[in-house]
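Read the structure below first, then the notes.
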């Protein structure tokens, strides 16, 4: 189950923000990390994230960090895509079938030998 963990941190500088995100990304099971600059929160979303180990790692760098909330993220309801109506199939015989090729057939013509022919 996806969990959303909101952590309150003193994110005063860009260096602090990047360090906090780097620590959070290294945790197992983290899918996304974002920062709410207005509130000073680090938002971590993941599957099977151990928030206790995550907080231990963050507290090594940020002593005054605390967890604001932990909630389960509900999956978005999947809207079924409408199935287009199938095109009607024409069962009419076609006049010209393009797959069939017709070749003229030749038959040998045998003439009887004429005794009056002197060439042979």
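In the numbering used here, the protein residues as written are 154 to 273.
Just so it is clear, CB atoms sit at the ideal spot from N, CA and C, and this is done for glycine as well.
- Pairwise C-beta distances place the region 225-240 out of contact with the region 172-190, as fewer than three of them are shorter than 8 Å.
- Check the Cα spacing between residue 221 and each of 178, 213, 162: the tightest is with 162.
- With 16 or more other CB atoms across the displayed protein chains lying within 10 angstroms of its CB, residue 176 is buried.
- Looking from the CA of residue 155, the closest CA among 194, 216, 198, 169 belongs to 198.
- Nearest C-alpha to residue 224 among 178, 209, 167, 196: 196.
- In its chain, beyond the 5 residues on either side, no residue has a beta carbon closer than 8 Å to the beta carbon of residue 216.
- When only Cα atoms are considered, residue 164 and residue 201 end up about 26 Å apart.
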